[in-house]
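Chains as they are written, first to last, in the working numbering: chain A, 70 to 353; chain B, 52 to 662.
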Amino acid sequence: MKKTLQDYKSVITPIWCPGCGDYGILNAIEKALFELEIPPENIVSVSGIGCSGRLAHFLNTYSLHGTHGRAVPIAVGAKAVRPELTVLAVGGDGDGLGIGGGHIPHAARKNVDITYLLVDNRIYGLTKGQASPTTPLGERTKTSPLGVYEDTLAAIPMFLAYDVSFVARASSIKVKELTDIIKAGITHKGMSIVYILTPCKTFPVLEIDEMKSMFKPLPEDHPRDNKLKAMEMAYVSNPLYTGIFYQVQKPTLNDRLDHEIEKATAKHDGGKPYVLEELFKRFS
Amino acid sequence: MSTGGFRSKVDFVVRIGGEAGEGVVSAGELFAQAAARTEYHVFSYPTYPAEIKGGFSMIQIRIRDWTVYSMGSRVDYLIVFNQQAYDRTIQDLREGGTLIYDPEEVKVPAEIAAKKVPIPLDAIAVRVSGSKLGKNVVALGVLGYVFDMGSAVLDKLIRDRYGLKGSAVVDKNLQALAAGYEAAKTAGIESGVHLGTRSEEKVRYMMLSGNEAVALGAIAAGCRFVAGYPITPATPIFETLAKLMPMVGGRAVQMEDEIASASAIVGASFCGEKVISPTSGPGLQLMGEQLNLASMLELPVVVVNVQRGGPSTGLPTKTEQSDLKFAIYGSAGEAPRAILAPTGVEDSFYQTIRAFNIAERFQMPVILLTDQSIGYRKATVRIPAIDKIKFIDQSVLSEKIVIPDPEHVEIASRIEATEEDLREYKRYKITSDGVSPTVRPGTPGGQHLATGLEHTEEGQADYSPINHVRMTQKRFKKLEMLSAALEKNPPEYHGSPEAKIGIIGWGSTEGAIREARYLAEEKGIKLRHLHPRLLSPLPENRIRHFLVGLKQVIMVEENYTGQFAHFIKGKFGIKPVEIHKYEGVPITPEEILRGIEKVARVVDEENLTRL
């Protein structure tokens, strides 16, 4: 039976503040999954803690709303054992660039075939307005009453340096473009990061009005396989380019794990797995 | 008095000591491997410094014609490569024991009451192979002569061990071996023990370390996913699984730290796999947040903590039983989990299977608490009978699943939702035993939310007082059911029903306590020995049963604070005599015996009454 968009929505009503960019992101995710016709039961959505961590509640998928900063390594485990499932990871700037930032390079090294939606509103919203790794220098927040004195983390160049095999930027205020980028990320074989800028209405660092004139799509002829060019475009601050900065093909974690099994069983009875008794004999 | 085959015709201890990097441990392991291929039972235990080279290192091997329960108390044959090894181990040599030493490295005082055998190991190694590096194989040759192993057995060992390194390496080692053999012959040392034959019965034995036994147990239990991060002394479990997993079609993933490792097993368990992550104390601390999440999401995960000396980096290569309280309680909020402690190498295999059974059936994390002394010891282990491994149907009640032993192994999986359940699926449905049916992603109609927030039966976040009460009770109901299931099992204690003295231990001290009990019984002291494997939840009625009629209880632990004693005192209101050892090395039967004798004198003289 053909699915409808409704089939991707859970029974739980979103509880974000009115005007929150996360509504647009949720719409885009639902649309992307629907348009790709992925059965909801074949989707695992893992989220971290924070406003965006709630996204997993509202999707009619196998959803795991875990601990702060661990959406990516939980997704690695899920995808490792069930290659046939579509695995999404979702988290915010605090979740993904602060507490969980250390996991990204290692997921990238594995090139695990997950799509990581990193939602950046440049503030800790759920804990009510503290500075995050992307809050701009000088910005006053509850934990930076005299202005942020740390430099801002440049996420896209960092993902490129980590060699994430699909790196894109989008915004929650352009849902159609975001949907297409999420679809491209899910379709990409390997680790994809869709870095989404979004406004927080309650603790505004990024404001909608400001965002309307911030972005510009990458030029049509942007060479996606050229990392240095991608790096150059990622460092342009005005405008902020949206779209796919970088995309290359390489073996995924599951390709690598399958290859391990092939190598380990190559000399055994037509490549069949060893049985327990054979393992015991190796120790006697 | 019968001691169940305790007194043996053949029972001796060999120790080799030297500087780390000199091949001390590998010489000992080769000797132990050779002995394991004979009709005897073998137990070997190495200690390493934390450094790769330098520092004192030794290996102790005990060989018996009956099951070996501990590394033994006194050394019969001591081989020392240098002065430091001599100084640190000579006090353990039995009076009249044999001391084999390199006279160019070690000064031995004339008054030592030992059979002194100087053999210039360095000089021989340099002569035959041009380098001191071969002295461990020279030492192996010496042992080969002393125990009459025959060149066929020894040569095969060298070929097995060094064959991959090419014929030049094999030849050099064979020459070193022969030179050691000749030197021992010239020196005229003989033990009268012949370790040359292979008995047919022994074919069904493996020579395993405790860490390898855990790895094999996991595979036997049906685990096909391991995520890990290297940490001494648990690394060999991960290394073994990294090798074996792909061979059986499973997956091994090295993660960036223990937080990520625990996260990965949570993700894989959510997807329906049986999962494991091995670690040691400092790693368990990092895994805390995910174990906590697994309790809340009711996901089965097995974590092995091969304990080492702490706190902090502590004594990475030494043993201690000091993570018990952290294992039970190291969580935010109240998070049910079960703690199992295997007693030795063979038990590590069966308790690992049991850890999976409990985790899967009760949908919670299980921490398997071993320690460095189990993980690194090697022992001969009977090959489990594959045809006796039974996969348990979902219809079998969890409390009916047997505790695995060499004769009965049952393997359980998690209870899965039926079509009926899926019609209006409630992942956290409240049931009579607290266990709710699970569903594997990919199953239509099973989509649900698993959140670390307090949630309803359906999985939706809900912080209402009544909901938190219901769901807390539901999660803890599973622990109560586990505890109740355990009460139905036969008692786990050994010894005399008339005993007035009881002795309680946990984990790796089982063998030493057992031998101490045999030694005490020979002196006419009756004892009862309780050694629970499941440490949390505790089967309280069965422990009460054990305590009935006892006038004094001794508790043995390898820690400073008496972590298990704290529970026993609190739950049962007794005041045990506590024997603590926290030197980083395992307690010996003799040390325990000294404690038993003291207590026995008090019990006799004062006729103390307690309980």
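From the three backbone atoms N, C-alpha and C, an ideal C-beta is built for every residue, glycine too. Since we're looking at a predicted model, the values are computed, not measured.
Per-residue burial, residue i [other beta carbons within 10 Å of its own, 16 or more giving buried]
i: residue 363 (chain B); result: exposed
i: residue 499 (chain B); result: buried
i: residue 302 (chain B); result: buried
i: residue 172 (chain A); result: buried
i: residue 442 (chain B); result: exposed
i: residue 263 (chain B); result: buried
i: residue 217 (chain B); result: exposed
i: residue 514 (chain B); result: exposed
i: residue 210 (chain B); result: exposed
i: residue 95 (chain B); result: buried
i: residue 228 (chain B); result: buried
i: residue 89 (chain A); result: buried
i: residue 402 (chain B); result: buried
Member of the options whose CA lies at the smallest distance from the CA of residue i
i: residue 123 (chain B); options: B:551, B:225, B:570; result: B:570
i: residue 376 (chain B); options: B:608, B:105, B:521; result: B:608
i: residue 205 (chain A); options: A:274, A:237, A:253, A:186; result: A:274
i: residue 327 (chain A); options: A:315, A:340, A:261; result: A:340
i: residue 303 (chain A); options: A:342, A:228, A:188; result: A:228
i: residue 198 (chain B); options: B:519, B:181, B:247, B:152; result: B:247
i: residue 624 (chain B); options: B:614, B:595, B:648; result: B:595
i: residue 103 (chain A); options: A:213, A:252, A:298, A:225; result: A:252
i: residue 493 (chain B); options: B:617, B:261, B:175, B:473; result: B:473
i: residue 189 (chain B); options: B:581, B:234, B:577; result: B:234
i: residue 200 (chain B); options: B:144, B:241, B:220; result: B:241
i: residue 343 (chain B); options: B:652, B:457, B:386; result: B:386
i: residue 326 (chain B); options: B:396, B:566, B:195, B:414; result: B:414
i: residue 548 (chain B); options: B:597, B:620, B:567; result: B:597
i: residue 70 (chain A); options: A:101, A:91, A:87, A:109; result: A:109
i: residue 135 (chain A); options: B:638, B:531, B:510; result: B:510
i: residue 235 (chain A); options: A:345, A:105, A:296; result: A:296
i: residue 270 (chain A); options: A:293, A:91, A:323; result: A:91
i: residue 655 (chain B); options: B:178, B:551, B:193; result: B:551
DSSP state of residue i mapped onto helix, strand, coil
i: residue 314 (chain A); result: strand
i: residue 94 (chain B); result: strand
i: residue 175 (chain A); result: helix
i: residue 164 (chain B); result: coil
i: residue 487 (chain B); result: coil
i: residue 90 (chain A); result: coil
i: residue 338 (chain B); result: helix
i: residue 74 (chain A); result: helix
i: residue 272 (chain A); result: coil
i: residue 198 (chain B); result: coil
i: residue 388 (chain B); result: coil
i: residue 154 (chain A); result: coil
i: residue 330 (chain B); result: strand
i: residue 169 (chain B); result: strand
i: residue 317 (chain B); result: helix
i: residue 519 (chain B); result: helix
i: residue 530 (chain B); result: helix
Spatial neighbours of residue i in its chain, beta-carbon cut-off 7 Å, leaving aside the 5 residues before and after
i: residue 417 (chain B); result: 353, 388, 389, 391, 406, 409, 410
i: residue 342 (chain A); result: 334
i: residue 644 (chain B); result: 567, 570, 571
8 Å CB neighbourhood of residue i in its chain, flanking five on each side removed
i: residue 255 (chain B); result: 433, 434
i: residue 94 (chain A); result: 121, 124, 186, 188, 241, 247, 265, 267
i: residue 258 (chain A); result: 182, 318, 321
i: residue 139 (chain A); result: 117, 169, 172
i: residue 630 (chain B); result: 605, 606, 607, 608, 638, 642, 643, 646
i: residue 243 (chain A); result: 284, 311
Any C-beta of chain C under 8 Å from that of residue i
i: residue 299 (chain A); result: In the displayed structure, chain C is absent; the protein chains listed are A and B.
Neighbourhood of residue i by C-beta distance below 6 Å, restricted to the same chain and skipping five residues each side
i: residue 68 (chain B); result: 109, 131, 136, 140
i: residue 126 (chain A); result: 81
| request: May I have a chain-ordered list of the alpha helix (DSSP H) segments no shorter than 4 residues that lie completely inside the segment 405-460 of chain B? | output: As far as the segment 405-460 of chain B is concerned, its whole alpha helix (DSSP H) runs of at least 4 residues are 423-426.
| query | At what residue ranges does the segment 556-599 of chain B contain a whole run of the alpha helix (DSSP H), taking only runs of 4 or more? | reply | Correct list: 561-573, 591-598.
| said: Suppose only complete runs of 3+ residues qualify. What are the beta strand (DSSP E) ranges in the segment 304-351 of chain A, listed by chain order? | reply: 309-316
| message | At 4 residues or longer, what runs of the alpha helix (DSSP H) sit wholly inside the segment 123-149 of chain B? | response | If only uninterrupted alpha helix (DSSP H) runs of at least 4 residues are considered, those enclosed by the segment 123-149 of chain B are 134-140.
| task | With a floor of 4 residues, list each alpha helix (DSSP H) that falls wholly inside the segment 159-227 of chain A, ordered by position along the chain. | result | 173-179
| Could you give the uninterrupted runs of the alpha helix (DSSP H) lying entirely in the segment 234-315 of chain B, keeping only those of 4 residues or more? | 261-271, 286-298
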